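Since the structure comes first, as structure tokens, the remarks are kept for the end.
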Amino acid sequence: TDYFNAFISTTDPSAITRDGLRESNKLGADYRFRPALGALRLKGRLKLLAVKDNISTTQLPTTCASGILQGYQSPFEAHVVERLCDNDGCLIVGKTNMDEFGMGSHSLNSFSSPVINGSSLTRDTTQALSAGGSSGGSAVAVQVGQAFTALGTDTGGSVRLPAAYTGQCGFKPSYGRVSRWGVIPYANSLDTVGFFGRSVADVYPVYRKASMPDDRDPSCISSATRIRSLSLRSRQRKKARNTKTGAKEDLSELKIGVPVEYNIEELDPAVRTAWKKVLEILKEQGCKIVPVSLPMTKHALSAYYVIAAAEAMSNLAKYDGVRYGSRTGPSDNAGDVLYSETRGQGFGNEARRRILLGSYTLSSEAIDNYFLKAQKVRRLVQRDFDRVLKFSNPLRNEQQFDISDLDESIPMDNKLGPSQVDYIVCPTAPTLPPKIQDVLKQTPIHSYMNDVFTVPASLAGLPAISIPVPTDIKYDGSDLHMPAGIQLIGQYLDDNSLCKFALDLE
Ligand code: GLN
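Each residue of the sequence shown is one higher than the one before, counting from 19 in full-length UniProt numbering.
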């Protein structure tokens with residue numbers, strides 16, 4: 019019944035089709051459908067929740083779609099699962115299929131079967147469309163109505179890319195907004211928990227419920243910082259608008275940045291049209307649209323793949339068949355043989371490629387040229403965003419938290435360049451979903467290029483949301499009108515305003 023291989027394990031297979039479809043029928047299959055926010059409160063209603071298989075649950079195994087974690091049963095629940103399922107909250111329908119440990123962009127690097135995009139005309143894997151990755155199973159579960167909402171993780175685009183390919187809404191909050199307690203790490207300095215739904219209106223209340231301080235995750239933003247950043251932001255808004263009230267944002271007061279570096283030659287015309295369409299709508303509503311420059315964008319992808327692989331290599335070192343993971347080969351004191359056989363058979367090709375890449379870039383002869391350079395590029399990518407975004411990054415201007423300082427010293431005019439904007443609007447991916455068979459022909463580098471528009475916000479830790487925008491262009495000679503994903507990016511910890519802006523656009 020799981021035609022699209024969206025799940026690795028399910029709570030009750032019959033629940034997925036029957037209840038899931040009933041739920042989705044109630045909501046309407048059209049992704050533009052937008053029920054009133056009030057009707058979507060989690061309390062008092064059972065919502066079907068799909069959980070990516072790298073997020074720990076006590077009911078079902080947590081395998082990260084890896085051979086090395088087959089049968090692994092977590093003794094505890096991830097914080098985000100606890101939050102969403104407590105009392106009369108969500109009901110978990112299953113654990114979703116993904117790229118092994120989150121490594122990939124098409125959900126094909128799975129120990130289980132490859133995920134198939136629900137928009138495919140066929141279920142034949144060669145002709146079917148990519149669902150995007152690595153949280154492809156979560157995106158498809160929502161797309162085909164097997165779940166109301168789904169949890170994914172986004173390290174370099176793994177929520178936004180599958181959301182774009184499947185025509186769903188995918189939100190990656192600021193780094194540290196949602197606790198990662200119980201989320202199996204891929205690259206700790208980049209990992210975030212993200213959310214899927216048919217619309218921003220579906221995703222926003224789920225995110226709000228999940229976003230809570232949590233001492234068990236040291237990178238999770240504390241309540242003191244949340245409060246301070248809120249008051250800083252509201253003062254900055256008042257000052258920017260020169261009004262006495264921090265009242266609700268009006269679209270006509272917004273300045274939207276269009277990063278010129280994202281208008282690349284390889285951009286699919288359908289995606290470009292959708293991008294223009296969104297900008298036109300914003301303009302009609304009174305927003306000011308200005309070009310901005312994010313010159314480090316072109317280096318972000320290489321920096322990301324160096325940093326992510328280095329952190330992944332270190333995270334995966336613990337799967338040695340002794341303490342963690344399934345064991346292959348000779349048992350007990352077999353030393354190196356146990357280690358190499360277990361890891362050789364347990365990890366798939368992509369995970370092994372990242373382990374090798376990470377080991378090399380951290381080695382003494384290469385670290386200066388790769389890992390350290392990549393960290394510098396990361397800093398510059400962050401600086402690019404800080405320069406063009408109107409409001410300052412609350413973590414990078416810690417001294418501003420001194421309230422007595424606020425009025426005069428907010429460095430609004432310290433920012434270089436004329437175009438300071440509220441949000442950035444750009445495509446989520448350069449193309450519409452490719453066919454799986456074409457992806458399989460790509461070299462690893464080629465498929466890494468898919469992430470070119472999503473990794474910059476990840477490196478900078480910024481909140482970013484991908485919304486589906488219908489295109490007029492028919493996909494690949496078929497009758498399908500594929501939606502394109504358009505990404506809205508905001509300043510660090512500006513998640514709530516960003517979501518409200520996205521809600522206004524729906
Ligand atoms: N495609 C990217 C990678 O393979 C991003 C994955 C992710 O966000 N988990 O690293």
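Note that beta-carbon positions come from the ideal geometry of N, C-alpha and C, so glycine has one too. Source: prediction; values computed, not measured.
Check your understanding: Roughly how many angstroms separate the alpha carbons of Val296 and Asp142, rounded to a whole number?
Key -> Locating residue 296 in the sequence shown gives position 278, counting from the first residue. Locating residue 142 in the sequence shown gives position 124, counting from the first residue. Taking the straight line from one Cα to the other gives about 34 angstroms.
Exercise for review: Please indicate yes or no: does the CB of Met467 lie closer than 8 angstroms to some heavy atom of ligand 1?
Suggested key: Position 449 of the sequence shown, counting from 1, holds the residue named residue 467. No - ligand 1 has no heavy atom lying nearer than 8 angstroms to the Cβ of Met467.
Check your understanding: For Leu334, is the beta carbon positioned less than 8 angstroms from some heavy atom of ligand 1?
Key -> To locate residue 334, count along the sequence shown from 1; it is residue 316. No, ligand 1 has no heavy atom inside 8 angstroms of this Cβ.
Exercise for review: Could you check if residue 17 is buried or exposed, using at least 16 other CB atoms within 10 Å of its CB as the buried criterion?
Suggested key: Coverage of the chain is limited to positions 19 through 524, which leaves residue 17 absent and any answer about it impossible.
Review point. Exposed or buried, what is Ala96 when buried is set at 16 or more other beta-carbons lying within 10 Å of its beta-carbon?
Key: Counting from 1 along the sequence shown, the entry for residue 96 is found at position 78. Burial call: buried.
**Study point:** Rounded separation between Thr144 and Thr76 - CA only
**Key:** Position 126 of the sequence shown, counting from 1, holds the residue named residue 144. Position 58 of the sequence shown, counting from 1, holds the residue named residue 76. One C-alpha to the other measures close to 35 angstroms.
Review point. What's the gap between the Cα of Thr184 and the Cα of Val160?
Key: Position 166 of the sequence shown, counting from 1, holds the residue named residue 184. Position 142 of the sequence shown, counting from 1, holds the residue named residue 160. One C-alpha to the other measures close to 9 angstroms.
Review point. Whole alpha helix (DSSP H) runs in the segment 273-355 with 4 or more residues, listed along the chain?
Key: 287-302, 315-334
Exercise for review: List the whole-angstrom C-beta distance separating Gly212 from Lys190, where the pair is believed to meet the contact cut-off of C-beta under 8 angstroms.
Suggested key: Your numbering for residue 212 matches position 194 in the sequence shown. Your numbering for residue 190 matches position 172 in the sequence shown. With a Cβ gap of about 4 angstroms, Gly212 and Lys190 count as contacting.
Practice item. Starting from the C-beta of Ser237, find all residues in its chain whose C-beta is less than 6 angstroms away, skip the five residues before and the five after it, and write them out in chain order. Key: Taking the first residue of the sequence shown as 1, we reach residue 237 at position 219. Excluding sequence neighbours, Ser237 sits near Gly194.
Exercise for review: Name the one or two DSSP bridge partners that Thr171 has.
Suggested key: Reading the sequence shown from its first residue, position 153 is the one you call residue 171. DSSP, once it has assigned bridges, lists Val211 as partnering Thr171.
Point to revise | Simplified DSSP assignment, three categories, for Tyr193 | key: For the purposes of this step, residue 193 is identified with residue 175 of the sequence shown, where counting begins at 1. Under the three-state reduction of DSSP output, Tyr193 falls in the coil class, being neither helix nor strand.
Practice item. Evaluate Asn23 with the Cβ neighbour count: other Cβ atoms within 10 Å of its Cβ, from every protein chain shown; 16 or more gives buried, anything less gives exposed. Key: On the sequence shown, position 5 is the one that residue 23 refers to. The residue is buried, with at least 16 neighbouring Cβ atoms inside 10 Å.
Review point. Where do the N-terminal and C-terminal ends of the alpha helix (DSSP H) with Cys103 fall, by residue?
Key: Position 85 of the sequence shown, counted from the first residue, corresponds to residue 103. Secondary structure note for Cys103: its alpha helix (DSSP H) is the uninterrupted segment 97-103.
Point to revise | Cα-Cα separation between Gly89 and Glu100, rounded to whole angstroms | key: Within the sequence shown, residue 89 is the residue found at index 71, counting from 1. Within the sequence shown, residue 100 is the residue found at index 82, counting from 1. So the alpha carbons of these two residues sit roughly 21 angstroms apart.
**Study point:** Identity of the residues DSSP links to Leu109 by a beta bridge
**Key:** As a first step, residue 109 is located in the sequence shown; it is residue number 91 there, counting from the start. Per DSSP, the beta-bridge partners of Leu109 are Leu66.
Check your understanding: CB-CB under 7 angstroms to Asp513, same chain, minus the five flanking residues each way: which ones, in chain order?
Key -> Counted from its first residue, the sequence shown places residue 513 at position 495. Closer than 7 angstroms at Cβ, skipping near neighbours: Pro191, Ser192, Arg195, Pro481.
Practice item. Below 7 angstroms CB to CB, which residues in the same chain sit around Tyr378 once its five sequence neighbours on both sides are set aside? Key: Stepping through the sequence shown from its first residue, residue 378 is reached at position 360. These residues qualify, in order along the chain: Ala384.
Practice item. Might you give, ordered along the chain, the residues of its own chain that have their beta carbon closer than 6 angstroms to the beta carbon of Leu78, omitting 5 neighbours on each side? Key: By 1-based counting over the sequence shown, the position of residue 78 is 60. Cβ within range, chain order: Ser27, Lys113.
Point to revise | Cβ contact (3+ pairs, closer than 8 angstroms) linking the segment 353-366 and the segment 299-310 | key: no
Review point. Can you tell which of Gly503, Tyr204, Thr489 has its C-alpha closest to the C-alpha of Ala181?
Key: Here residue 181 corresponds to residue number 163 of the sequence shown, with the count starting at 1. Taking only the C-alpha atoms, the option nearest Ala181 is Gly503.
**Study point:** Straight-line gap, Asn72 to Phe119 (C-alpha atoms, nearest Å)
**Key:** The count along the sequence shown starts at 1 and reaches residue 72 at position 54. The count along the sequence shown starts at 1 and reaches residue 119 at position 101. Spanning the alpha carbons of Asn72 and Phe119 requires a straight line of approximately 7 angstroms.
Exercise for review: Please indicate yes or no: does the CB of Tyr323 lie closer than 8 angstroms to some heavy atom of ligand 1?
Suggested key: If you number the sequence shown from 1, residue 323 lands on position 305. It does: the Cβ of Tyr323 is within 8 angstroms (strictly closer) of some heavy atom of ligand 1.
**Study point:** Contact check, Asp440 vs Leu407, beta carbons under 9 angstroms
**Key:** Here residue 440 refers to the residue found at position 422 of the sequence shown. Here residue 407 refers to the residue found at position 389 of the sequence shown. In contact: Asp440 and Leu407 (Cβ atoms closer than 9 angstroms).
Check your understanding: Using a Cβ-Cβ cut-off of 7 angstroms (strictly less than) and excluding sequence neighbours within five positions of Leu521, which residues of its own chain qualify?
Key -> For the purposes of this step, residue 521 is taken as residue 503 along the sequence shown, with counting starting at 1. Around Leu521: Val218, Ala219, Tyr222.
Review point. So is the beta-carbon of Ser123 under 8 angstroms away from any non-hydrogen atom of ligand 1?
Key: One-based indexing of the sequence shown puts residue 123 at position 105. Ser123: yes, Cβ under 8 angstroms from ligand 1.
Review point. Does any heavy atom of ligand 1 sit closer than 8 angstroms to the C-beta of Ala228?
Key: Here residue 228 refers to the residue found at position 210 when the sequence shown is read from its first residue. Ala228: no, Cβ never under 8 angstroms from ligand 1.
Practice item. Buried or exposed for Lys301, please, with buried defined as at least 16 other CB atoms from any protein chain shown within 10 angstroms of its CB. Key: In the sequence shown, counting from the first residue as 1, residue 301 sits at position 283. With fewer than 16 other Cβ atoms within 10 Å, it is exposed.
Check your understanding: When you compare each of Leu109, Val289, Val162, Gly107 to Val133 by their alpha carbons, which one comes out closest?
Key -> Position 115 of the sequence shown, counted from the first residue, corresponds to residue 133. Considering only alpha carbons, the answer is Val162.
Point to revise | Same chain only: Cβ atoms within 7 angstroms of Gln91, ignoring 5 sequence neighbours per side | key: Stepping through the sequence shown from its first residue, residue 91 is reached at position 73. Around Gln91: Pro79.
Check your understanding: For Arg251, is the classification buried or exposed, using 16 other Cβ atoms within 10 angstroms of its Cβ as the cut-off for buried?
Key -> For this step, residue 251 is matched to residue 233 along the sequence shown. Burial call: buried.
Practice item. Using 8 angstroms as the cut-off, classify the Cβ of Thr171 as near or not near the heavy atoms of ligand 1, replying yes or no. Key: Taking the sequence shown and counting its residues from 1, the one referred to as residue 171 is at position 153. Result yes, Cβ under 8 angstroms from ligand 1.
Practice item. Count the other CB atoms, across all protein chains shown, that sit within 10 Å of the CB of Gln303; report buried if there are 16 or more and exposed otherwise. Key: Translated into the one-based positions of the sequence shown, residue 303 becomes position 285. Residue environment analysis places Gln303 among the exposed positions, since fewer than 16 neighbouring C-beta atoms fall within 10 angstroms of its C-beta.
Check your understanding: How about the segment 321-335 and the segment 385-399: do they share at least three Cβ pairs that are nearer than 8 angstroms?
Key -> With the rule of 3 Cβ pairs closer than 8 angstroms, the segment 321-335 counts as touching the segment 385-399.
Point to revise | Bridge partner(s) assigned by DSSP for Pro501 | key: Here residue 501 refers to the residue found at position 483 when the sequence shown is read from its first residue. DSSP output for Pro501 lists Pro488 as bridge partner(s).
Check your understanding: Which residue from Val111, Gln164, Lys273, Ala475 puts its Cα closest to that of residue 17?
Key -> Given a span of 19 to 524 for the chain in the structure shown, any question on residue 17 remains unanswerable.
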